[in-house]
Amino acid sequence: MAGFDKIVSSYEEAMAGIEDGMTVVSGGFGSCGIPENLIKEIYRKETKELTVVSNNCGIEGYGLGLLLPKRQIKKMIASYVGENGEFERQMMTGELEVELTPQGTLAEKIRAGGAGIPAFFTATGYGTLVAEGKENRRFNGREYILEESITGDFAIIKAWKADRYGNLVFRKTARNFNPLAATAGKITVVEVEEIVEVGELDPDQIHTPGIYVNRLIQGTFEKRIEQRTIQPSSATTGE
Amino acid sequence: MAGFDKIVSSYEEAMAGIEDGMTVVSGGFGSCGIPENLIKEIYRKETKELTVVSNNCGIEGYGLGLLLPKRQIKKMIASYVGENGEFERQMMTGELEVELTPQGTLAEKIRAGGAGIPAFFTATGYGTLVAEGKENRRFNGREYILEESITGDFAIIKAWKADRYGNLVFRKTARNFNPLAATAGKITVVEVEEIVEVGELDPDQIHTPGIYVNRLIQGTFEKRIEQRTIQPSSATTGE
Amino acid sequence: MALSREQIAQRVSQELQDGYYVNLGIGIPTLVANYIPENMEVMLQSENGLLGMGQYPTEETIDADLINAGKQTVTIVKGASFFDSAESFAMIRGGHVDLTVLGAFEVDTNGNIASYMIPGKLIKGMGGAMDLVAGADNIIVTMTHASKHGESKLLTNCTLPLTGKGSIKKVLTDLAFIEIKEGKFHLLERAPGVSVEEIIKLTDGELVFKGDVPEMQF
Amino acid sequence: MALSREQIAQRVSQELQDGYYVNLGIGIPTLVANYIPENMEVMLQSENGLLGMGQYPTEETIDADLINAGKQTVTIVKGASFFDSAESFAMIRGGHVDLTVLGAFEVDTNGNIASYMIPGKLIKGMGGAMDLVAGADNIIVTMTHASKHGESKLLTNCTLPLTGKGSIKKVLTDLAFIEIKEGKFHLLERAPGVSVEEIIKLTDGELVFKGDVPEMQF
């Protein structure tokens, strides 16, 4: 009896069914909390024409940046694409379509997608390029724009701990977009650092209930750091 | 230096500033996880003409039901008002205005209020009395209605544990509407069973960050049970 | 013979599948939990913020902080989780629950359902029913086929205020298992010993069927 | 003399209040954290999902799972909390953050701000800036008053794509502290040793002031 056991035995199985032209929603912020190995599997499969929804597009050769050299991404929906030369090149030449979306709007679009809310109003982006082609409406004397939600054929997630039912716990700021993305995939695939026994996770402290999770795999992670800032050097405040 | 210390010393102080005609958003589901003592304080102060937003309106003489005999509530926004004779009487005679709102829509309206989202579309209630006077719109071949968000002058909350910064942890199904309501008050007042030292709550496991909380007080709770169902009697499945 | 409440629940339980997340409404639907097949795992969602609802507690384990959507004291199973009401209805509205079972006063041939209000008589509120009805793809309505006075509850048009519009596809009554499609009731199964004629007589909306309508198997 | 980056941060820090929740943007705003007055508690929000950001870590405490919105490794203070990105922007969009400090390329007399894009040159994306600008009531923009070539960044109308419309009321440059209201720049304070004439010369939008404009105090 399979029941609620979400564990799959290989990354191949984890990403089975992903096809050219699909939409993939990915957790992660910069290099933090990204599903590194699920991305590697998409790279290995050479799936193409993808629409990828993620706050960033990784860095060159790491994270979602892996999918750039072979031009696997057709369209990127992200809030920030800086610090990736290949990305910038493909965007400038028009090889890659980019839909820049404010970070909070992106988060809310993904949450709304998972929650069955097709659209919502937000003040963010009113009067800017982001508002172009979108409905404006006034509520209580303030202007808002209408934003539609996002769902994906696949959601790819990195969590810290899970039980085999797919109940997830995230760690520190590696949480970021992951719990939202987990709700927004037709098929939600999660890779974790540790799988614990069912019942070990405190039911009050589960960040993502297993109902959102379809497949689960334990992986090992490089966890590359983008900006290694160390005290007490005041020169490392970065800009 | 006050800093982030949210603790107040009395229930009087906790509810200071509440005035006739204000809107109060309350956590709780039935008798579970309700801010009993904050409600008692509103009863004691005899604040009137209130608009109260809560999933239920308590039972006679307990919870929000306390505010009925002296007709302190002008308007109730709730999803379920059953099992309260005085409530039904006031509603039937028109003494009390009631805006019945689907439970999920109510939850989302309160969350949206706290999150700066003035309105959202939902399929819930389409084609029903709930949709009257509201905009309908089609997204991807399905009909939705536009629902506006809710905020309150006060939000009254019951949590399990807190630190003095107002970081909150809820317990079991006593969580319910409480974390949502906590975000939606101009002034958010929380009563808890236990106040622990700052740093004792795991930062990964705080349900409501202190930024939403203005006042905090430790109380003692009756925690009345509405439907005491015990196994193994199969006659207690209740209807 | 018309099915008992327990038999209705039992027949509904045959629609369960291993690994289903299920929301059971108050009343007969709650009884379905007693008939989950032995070789199957099902998780019960309670819309007040619980996935993995267990049985009623004992006197020793009763906890005022642990109730279901019917406000009954309950327990949890291993692997359960608690969450707030917005998250709970994100699950429901977002279509993440595999099966919803709920009661009704009336359903009609357009898949409309009325279940929360009898004007001037019963105004308790819709609770989570409107969200459940709008959010789930897979809903089974359980109800008696007709009132005690013989008035059909399966209508051409609901007469009471609707809980949801065009959302119901399956109805299990004490007499019949019915599918709603293309504006008609399709009789799939009948209760043991209940004739097609009896069902037709007590069905107000257009009822169609193909060949011999099988009896329900228990 | 024009203020240094550190002095700009220091002057901003005078606008802090005890118990403030503050979001500091990348660049100069980040430096404000170094000048929080001794007798004051301030909590820093980082929009990637952290309230209560602390200093940079040591080699021993560095943690790849703990970064700020600028992707720098950080630590947390006592009483900090982590949350997801939707919750983080619920805080921001919902107006729960008391003060936001962020940089800009241009601001104008209508309170418009351009800070994320130079067409054909710099297209890195707005990140959380549009949400911060739309969500906060209390925003301080920090920037140099003019470019290295002497072109004013305080304009009648922004020339670059906007980050937000009508949302900026306070600007602190290396030369002046300015309030924006009624379609004008109001000169509140000038950097020590910088004359009103110099500021006027480097301000493109209409600049007004009352009487003697005081020097900033440090």
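Protein chains in written order, with this note's numbering: chain G, 33 to 271; chain D, 33 to 271; chain Y, 2 to 219; chain E, 2 to 219.
Just so it is clear, CB atoms sit at the ideal spot from N, CA and C, and this is done for glycine as well.
Just so it is clear, the structure is predicted and the values come from calculations on it, not from any experiment.
Give the residues of chain E in contact with residue i, contact being defined as C-beta atoms less than 8 Å apart.
i     : result
A34/D : D19, G20
Just the chain D side, please: which residues come within less than 9 Å of residue i by C-beta, in chain order?
i      : result
D236/G : W192, V201, F202, R203, K204, R207, Q237, H239
Y176/G : I149, P150, A151
Which residues in the same chain have their Cβ closer than 7 Å to the Cβ of residue i, if we skip the five residues on either side of it in sequence?
i      : result
Q11/Y  : Y36, F219
E271/D : Confidence at E271/D is low in this model, with a pLDDT of 37, below 50, so its placement is unreliable and no value can be given for it.
V228/G : K193, D195
A139/G : F209, L212
S265/D : Note that S265/D scores 46 on pLDDT, short of 50, meaning its location in the model is unreliable; the coordinates nonetheless yield the value given after this. So no residue of the chain qualifies.
R256/G : S63, Y94
Q263/D : none
According to the Cβ coordinates, are residue i and residue j closer than 8 Å?
i      : j      : result
F186/E : G212/E : no
D109/Y : N158/Y : yes
I182/G : I142/G : yes
Q73/E  : T261/G : yes
A70/E  : G129/E : yes
D175/E : H150/E : no
N49/E  : S89/E  : yes
G65/D  : G59/D  : yes
K170/Y : K154/Y : no
G136/G : L163/E : no
H97/E  : Y22/E  : yes
M144/E : A177/E : no
G80/E  : V230/D : yes
E190/E : V214/E : yes
L233/G : I39/G  : no
Taking Cβ-Cβ distances shorter than 7 Å, what residues in chain Y pair up with residue i?
i      : result
I219/G : Correct list: empty, because the minimum Cβ distance to chain Y is about 13 Å.
Y244/G : H97
G146/G : A91, G95
D195/G : G80
Taking the C-alpha atoms as reference points, what is the distance between residue i and residue j?
i      : j      : result
T55/G  : Q15/E  : 47 Å
E7/Y   : L32/Y  : 7 Å
S47/E  : F152/D : 26 Å
E51/G  : Q18/Y  : 28 Å
P193/Y : Y57/Y  : 32 Å
L100/Y : V142/Y : 11 Å
L25/E  : V43/E  : 12 Å
G157/G : T215/D : 23 Å
S111/G : Y43/D  : 45 Å
A187/D : V221/D : 6 Å
E258/D : G62/D  : 8 Å
R169/D : V172/Y : 29 Å
A137/E : G167/E : 12 Å
Tell me residue i's beta-bridge partners as DSSP assigns them.
i      : result
Y22/Y  : M44/Y
V130/G : M108/G
I77/E  : M54/E
R191/E : A177/E, E216/E
A147/E : S153/E
Only counting the same chain, and skipping five residues up and downstream in sequence, which positions put a Cβ closer than 8 Å to that of residue i?
i      : result
P150/D : A144, E180, S181
F36/D  : R196, Y197, G198, G242
P120/E : L161, P162
I238/G : N199, L200, V201
By the criterion of Cβ-Cβ separation under 7 Å, what are the contact partners of residue i in chain E?
i      : result
T215/D : A91, G95
What does a CB cutoff of less than 6 Å around residue i pick up in its chain, not counting 5 residues either side in sequence?
i      : result
E199/Y : none
M33/G  : Because M33/G carries a pLDDT of 47, less than 50, the predicted location of this residue cannot be relied on, and the following value inherits that uncertainty. Cβ within range, chain order: n/a, list empty.
I77/E  : G53, G55
E107/E : A115, K154, L156, C159, L161
Contact criterion: CB-CB distance below 8 Å. Does residue i meet it with respect to chain A?
i      : result
V228/D : Reference to chain A is not applicable here, since the protein chains of this structure are G, D, Y and E.
Residues of chain G with CB closer than 7 Å to the CB of residue i, please, in chain order.
i      : result
K125/E : Y112, V113, G114
By the criterion of Cβ-Cβ separation under 8 Å, what are the contact partners of residue i in chain D?
i      : result
I149/G : E140, F152, F153, T154
F61/G  : Neighbours of F61/G on chain D: none; closest Cβ ~16 Å, over 8 Å.
Show which residues of chain D have a CB atom less than 7 Å away from the CB atom of residue i.
i      : result
G165/E : Here the premise fails: no neighbours, minimum Cβ distance about 14 Å.
For a test of your reading of the model: does the CB of residue i fall under 7 Å from any non-hydrogen atom of the ligand ZN? Yes or no.
i      : result
L188/E : As for the ligand ZN, it is missing from this structure, which has no ligand bound.
Can you pull the chain G residues whose beta carbon is under 8 Å from the beta carbon of residue i, in chain order?
i      : result
F171/D : P150, A151, E180
M44/E  : Chain G residues near M44/E: none, gap ~15 Å exceeds 8 Å.
List the residues of chain Y that residue i touches, going by C-beta distances under 9 Å, in chain order.
i      : result
R260/D : I63, Q73, T74
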